[in-house]
Amino acid sequence: MTADHADRSAPAPTSQVPAQGGRSTADVSHPGTFTVAGPALVRLPLAPTDRAADGAVPAAAAPTAGQLRARIEELLRDDVLREAVALASPSTALICRQPLDRLPEKRLRSLAASLTAYAARMRGRATPFGLFAGVTVAPFADTARGRMAPPHRHRRAVRPDAAWLRAVVQALARSPQSLTASTYTAGPAVRRDGTTHVLTAPDARVSRVALRTTPPLEAVLDTAARPARGDSLQAAARAHGLSPQDAGRLLATLVAHGFLVCELQPPAHTDDPLGHVLKHLRRTALHPEPTRLLEEYEAALTAYADTPPGEAEDALTRVHDLADRVARSAGADPGTGSPLHVDTLVEADIAFGPEVRAEAERAAAVLARFATARERRHLQQQLRRVSDGYAVPLAEFHCPPLPARPPSTPPALLAAYADALREGRAEIVLDDTLLDAVAPASEAAPVTELDLFAVVAAPDLAALRRGDFELHVRRPASTSAGTALARFAPALGPVGEQALRTIHDRTDQAAADRSGGPVVLADLTYRPRQAPAENVARAALTRPARIHTNSPVDASRPGDLHLHDLLLFPGPDGPQVWSRALGSRVLPRAATALNAETTGPHSAHLLAAAAGENLALGFDWGTLTTAPWLPRVRRGRTVLSPQTWRLEPALTHGASCYERFAQWCRQWNVPAHVTLVDGDRQLPLHLDDPVDLHLLLRHAQKNPVTLTESLSHEHSWAHSPHGTHLVEAVFPLTTADTPTTTTPVSAPSATPSDRRPAVPHGY
């Protein structure tokens with residue numbers, strides 16, 4: 000696909016980890032160059048792309064009731080889409096079962112908009128979720144391949160929804176039976192702060208919980224420093240004068256706020272959270288009715304997973320019914336969301352040729368030039384300010400937020416934008432001169448590995464094989480290679496696990512070599528504050544050690560590091576982490592693609608910042624980001640930023656909104672086929688379709704609207720019996736080309752150390 004083909008419209012001018020050691024210059028590629036570290040994770044929308052819009056102008060009026068009913072009936076004939084909607088929104092699925100001729104027009108408009116959005120997501124958004132999009136692993140080969148099986152051949156990985164299971168577990172953990180006979184542990188992130196005990200950000204709704212320190216509270220938390228039964232904790236509280244009723248209420252309060260963690264709570268990265276809960280329920284026999292219903296729910300999940308997609312309506316209904324009964328039996332709110340989480344594992348044969356690999360490596364080198372080390376430098380400065388030559392206990396250190404940096408746009412980029420606007424060009428080419436002016440190269444690049452997300456776009460497989468393709472970067476890259484795959488590796492089986500191990504062997508060895516001396520590699524784990532984020536937080540853990548920031552440590556597993564064991568200190572090249580138990584530096588490695596700053600406890604954010612993990616990286620327009628129009632930005636075969644339009648909210652209100660919107664489209668040469676972008680949400684829409692345009696205007700009346708040029712059938716080449724599908728790849732890349740060692744690192748000793756918290760010798 001050439002640049003001319005893509006230039007449609009322009010605006011009018013108005014595991015076992017390698018042994019650690021020192022760095023050898025022979026082992027490292029030239030600064031700024033990247034190499035693929037292993038197979039790619041491929042993310043595929045399950046519905047084929049559709050043809051480009053036929054009309055040149057937007058629809059002139061709102062859809063009629065007949066058009067709305069026709070759209071709903073058309074979409075509901077798709078069994079797989081119906082199941083996908085039932086998974087994503089049980090309440091919408093319930094409305095779909097009602098006779099359409101009895102629905103008022105307002106409800107028809109809402110239902111048509113919802114189903115249209117779900118169908119668009121299933122065509123054009125590759126982010127894996129339910130039955131809308133799925134994943135597979137793609138190797139690099141001499142010749143590209145692109146075959147995809149029909150939906151009934153795909154597999155589902157099914158488990159309880161994390162928010163639903165968290166609510167059930169919390170209700171059981173606070174019950175009188177559990178508060179007597181279940182085992183509890185003090186939360187690792189609980190700390191003493193003067194006359195209070197404090198827990199920072201226990202969940203997304205609360206930033207800080209502080210409880211006044213009293214003798215009963217101290218006694219309970221001291222007793223729970225190691226796992227203790229509820230009756231023992233209540234006895235500790237009663238020994239300081241509390242009545243049995245008050246002791247029970249104190250425990251219930253501590254459990255509710257996260258100061259005590261019940262054994263029922265699944266570990267952050269367990270492969271089988273429901274199995275963990277059932278194991279403890281069966282052992283204690285405290286809750287026979289919830290246990291029986293959970294066992295039935297588990298069997299229903301298995302039956303649903305074994306039923307082909309599109310044929311599982313009855314099996315899914317049984318899962319929903321049992322989940323409601325489980326929640327009520329446990330004393331939890333059943334909620335309105337889905338009680339199960341589904342990842343789709345696509346049956347496909349996808350492979351990329353050497354030219355795609357080379358282009359991904361070049362694109363990574365360009366994106367890396369937009370990175371900064373501001374967060375890591377900020378942490379280093381704060382450590383130097385407070386450490387005074389000593390290491391700082393991680394659990395006690397609070398780093399103030401990084402001050403916001405005002406956006407700025409390099410003069411060269413401003414000039415290029417002005418030229419494109421004046422000349423009516425839809426595209427800016429980022430040649431060497433402009434790239435050097437916008438993002439100067441640096442010998443000390445802050446980014447040494449990436450997960451690069453890019454749609455591999457080609458008109459068909461033959462074009463891809465002859466090198467006629469583009470990479471479209473539609474979401475930020477992550478500075479931690481392999482984290483996108485880690486979420487799916489266990490479900491993908493041996494192929495996924497081996498691919499992840501290949502990536503981690505390569506990137507972990509390179510990271511250890513760059514660290515400047517012996518270091519223990521450790522997976523950074525935490526339980527997300529937001530319950531829904533826990534669905535995507537579970538991942539395969541491959542490193543010999545684990546850092547637990549807000550969940551209890553498994554004492555039976557060597558190498559599990561407690562939050563209170565770790566120290567931070569300013570090293571010569573940036574923040575360092577020290578383990579007193581191991582007597583060694585520790586290099587935290589991100590286990591998932593989640594942003595620790597927004598989803599994790601403060602300690603997890605500090606560890607991620609110290610290691611430069613999971614930073615989002617993309618082309619930066621600076622102050623131009625909010626401009627009403629932005630041109631496409633291209634470097635070689637890679638589109639770093641799509642052509643973009645921002646819709647003024649005033650255009651979407653009032654009786655003449657359709658006329659004003661059409662005038663705006665003509666003024667800015669907006670094509671009829673666009674993508675509505677709202678954060679990570681991307682919906683391809685046809686502006687000449689009344690229902691699609693109704694969906695867009697409905698969204699614009701509530702939220703700011705960003706439109707981009709759309710990817711369609713002209714960009715899709717993976718064939719299924721139903722058509723061609725977009726292919727988004729996540730390429731794992733690293734700057735070092737270090738051969739992996741055949742000598743594995745032994746699991747570190749868990750023997751405690753009496754070292755005083757001073758900066759280790761040599762630092």
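Position 259 of the sequence shown, counted from 1, bears residue number 258 in numbering that gives the first Met the number 0, the numbering being contiguous throughout. All C-beta atoms, glycine included, are put in the ideal place defined by N, C-alpha and C.
field: N- and C-terminal bounds of the beta strand (DSSP E) containing E727
entry: Start at 1 with the first residue of the sequence shown, and residue 727 comes out as number 728. Counting along the chain, the unbroken beta strand (DSSP E) around E727 starts and ends at E727 to T733.
task: Could you check the C-alpha separation between S28 and F139 for me, to the nearest Å?
output: Translated into positions along the sequence shown, residue 28 becomes position 29. Translated into positions along the sequence shown, residue 139 becomes position 140. A caution first: S28 carries a pLDDT of 35, below 50, which makes its placement in the model unreliable, though a value can still be read off. Spanning the two alpha carbons is a distance of roughly 21 Å.
message: Considering Cα atoms alone, identify which of P641, G466 and L484 is closest to L449.
response: The residue you call residue 449 lines up with position 450 of the sequence shown. Comparing Cα positions, the closest option is L484.
message: From the DSSP secondary-structure annotation, give me the bridge partner or partners of H547.
response: Here residue 547 corresponds to residue number 548 of the sequence shown, with the count starting at 1. Partner(s): T524 and H561.
message: Only counting the same chain, and skipping five residues up and downstream in sequence, which positions put a Cβ closer than 6 Å to that of T1?
response: Here residue 1 is taken as the residue at index 2 of the sequence shown, counted from 1. Unreliable positioning characterises T1 in this predicted model, as indicated by a pLDDT of 37, which lies under 50. The coordinate reading is nonetheless provided below. Contacts found: none.
- request: Tell me whether L178 is buried or exposed, calling it buried when 16 or more other Cβ atoms sit within 10 Å of its Cβ.
  value: Against the sequence shown, residue 178 aligns to sequence position 179. The residue in question, L178, is buried, as its Cβ has 16 or more Cβ neighbours within 10 Å.
message: Using the three-state DSSP reduction, which class does C656 fall into: helix, strand or coil?
response: The residue you call residue 656 lines up with position 657 of the sequence shown. Helix, per DSSP.
message: For a quick check, are the C-beta atoms of V254 and R173 less than 8 Å apart?
response: If you number the sequence shown from 1, residue 254 lands on position 255. If you number the sequence shown from 1, residue 173 lands on position 174. Against a cut-off of 8 Å, the Cβ pair of R173 and V254 comes out as a contact.
- prompt: Within 10 angstroms of its Cβ, does R281 collect 16 or more other Cβ (buried), or is it exposed?
  reply: Position 282 of the sequence shown, counted from the start, is the residue given in the question as residue 281. That one is exposed.
message: Cutting at 8 Å between CB atoms, please list the residues of its own chain near L470, excluding the five before and the five after it.
response: Taking the sequence shown and counting its residues from 1, the one referred to as residue 470 is at position 471. V355, E358, A359, A362, A453, V454, V455, A456, R636, T637 and V638, listed in sequence order.
- request: Take the Cβ of Q662 as the centre, count every other Cβ of all protein chains shown within 10 Å, and call the residue buried at 16 or more, exposed below.
  value: Counting from one through the sequence shown, the residue named residue 662 turns up at place 663. Exposed, because fewer than 16 other Cβ atoms sit within 10 Å of the Cβ of Q662.
task: Grab the span of the beta strand (DSSP E) containing E426 for me, first residue to last.
output: The residue labelled residue 426 in the question sits at position 427 within the sequence shown. Boundaries of the beta strand (DSSP E) around E426: E426 to V428.
- prompt: Which residue comes first and which comes last in the beta strand (DSSP E) that contains P150?
  reply: Counting from one through the sequence shown, the residue named residue 150 turns up at place 151. Boundaries cannot be given for P150, as no beta strand (DSSP E) includes it and DSSP labels it neither H nor E.
query: Quick one, are the C-beta atoms of V391 and F568 less than 8 Å apart?
result: Indexing the sequence shown from 1 puts residue 391 at position 392. Indexing the sequence shown from 1 puts residue 568 at position 569. Yes; because the gap between Cβ atoms is below 8 Å, this pair is in contact.
- prompt: CB-CB under 6 Å to P62, same chain, minus the five flanking residues each way: which ones, in chain order?
  reply: In the sequence shown, residue 62 corresponds to position 63, counting from 1. P689, V690 and H693, listed in sequence order.
Cutoff 8 Å; reference R645; Cβ partners in own chain excluding five residues on either side: For the purposes of this step, residue 645 is taken as the residue at position 646 of the sequence shown. Its chain contains T625, A626, P627, W628, P703, V704, T705 and L706 as the residues whose beta carbon lies nearer than 8 Å to that of R645, once the 5 sequence neighbours on both sides are disregarded; these appear in chain order.
message: I need the boundaries of the alpha helix (DSSP H) containing L695, first residue and last residue.
response: Numbered from 1 along the sequence shown, position 696 holds the residue referred to as residue 695. Per DSSP, the continuous alpha helix (DSSP H) segment holding L695 begins and ends at P689 to A699.
field: A532 to D323 span [Cα, whole Å]
entry: The count along the sequence shown starts at 1 and reaches residue 532 at position 533. The count along the sequence shown starts at 1 and reaches residue 323 at position 324. Their Cα atoms are separated by approximately 21 Å.
query: Is DSSP giving A267 helix, strand or coil here?
result: Counting from one through the sequence shown, the residue named residue 267 turns up at place 268. A267 carries a coil assignment under DSSP once its states are collapsed to helix, strand and coil.
- request: Answer yes if the region 122 to 140 comes into contact with the region 344 to 353, meaning at least three C-beta pairs across the two stretches below 8 Å, and no otherwise.
  value: Enough Cβ pairs lie closer than 8 Å, so yes.
message: Between which two residues does the alpha helix (DSSP H) holding T541 run?
response: Taking the first residue of the sequence shown as position 1, residue 541 is located at position 542. T541 -> no alpha helix (DSSP H), and no H or E assigned at all.
- request: Please name the residue, chosen from A440, L216, P571 and T408, that lies closest to T622 on a Cα-to-Cα basis.
  value: Taking the first residue of the sequence shown as position 1, residue 622 is located at position 623. The shortest C-alpha separation from T622 is found at T408.
- prompt: Per the contact definition of three or more C-beta pairs closer than 8 Å, is the region 148 to 168 in contact with the region 370 to 389?
  reply: Output reads no: the region 148 to 168 does not touch the region 370 to 389.
query: Among A148, Q264 and E104, which has the Cα closest to the Cα of L171?
result: Looking up residue 171 in the sequence shown gives position 172. For the residues A148, Q264 and E104, the minimum Cα distance to L171 belongs to Q264.
message: If distances are taken between C-alpha atoms only, which option among C398, A118, A112 and T142 comes closest to R76?
response: If you number the sequence shown from 1, residue 76 lands on position 77. Cα-wise, what sits closest to R76 is A118.
message: Quick test of your reading: L366 and L616, contact by CB under 8 Å. State the CB separation rounded to the nearest angstrom.
response: To locate residue 366, count along the sequence shown from 1; it is residue 367. To locate residue 616, count along the sequence shown from 1; it is residue 617. Right, the Cβ-Cβ distance comes to about 5 Å (below 8 Å), so this counts as a contact.
- request: With a threshold of 7 Å, establish whether the CB of D459 neighbours any heavy atom of the ligand SAH.
  value: Judged by which ligands are present, the structure shown has none, so any question about the ligand SAH falls away.
query: Which partner residues does Q666 have in the DSSP bridge list?
result: The count along the sequence shown starts at 1 and reaches residue 666 at position 667. Looking at the DSSP assignment, Q666 forms no beta bridge with any residue, so it has no partner.
field: Alpha-carbon spacing of P574 relative to L382, whole angstroms
entry: Counting from 1 along the sequence shown, the entry for residue 574 is found at position 575. Counting from 1 along the sequence shown, the entry for residue 382 is found at position 383. One C-alpha to the other measures close to 8 Å.
message: Could you compute how far the alpha carbon of E295 sits from the alpha carbon of N534?
response: Here residue 295 corresponds to residue number 296 of the sequence shown, with the count starting at 1. Here residue 534 corresponds to residue number 535 of the sequence shown, with the count starting at 1. Between E295 and N534, the C-alpha separation is close to 22 Å.
query: Are the beta-carbon atoms of G129 and A161 separated by less than 8 Å?
result: For the purposes of this step, residue 129 is taken as residue 130 along the sequence shown, with counting starting at 1. For the purposes of this step, residue 161 is taken as residue 162 along the sequence shown, with counting starting at 1. Contact: no.
One or two residues paired with G570 in a DSSP bridge: Numbered from its first residue, the sequence shown carries residue 570 at position 571. Under DSSP, the beta-bridge partners assigned to G570 are G573.
- request: Note the first and the last residue of the continuous beta strand (DSSP E) segment covering G466.
  value: Translated into positions along the sequence shown, residue 466 becomes position 467. Run containing G466: none; DSSP gives neither H nor E here.
field: Assigned secondary structure, C398 (DSSP; H/G/I helix, E/B strand, else coil)
entry: Residue numbering aside, residue 398 sits at position 399 when the sequence shown is read from its first letter. Of the three classes helix, strand and coil, the one that applies to C398 here is coil, per DSSP.
query: DSSP puts H672 in a beta bridge; with which residues?
result: As a working note, residue 672 is residue 673 in the sequence shown. For H672, which the question treats as bridged, DSSP gives the partners H685.
query: Secondary structure at R112, three-state DSSP: helix, strand or coil?
result: Residue mapping note: residue 112 aligns to position 113 of the sequence shown, counting from 1. It should be pointed out that residue 112 corresponds to Ala in this sequence rather than to Arg. In the structure shown, A112 falls within a helical segment according to DSSP collapsed to helix, strand and coil.
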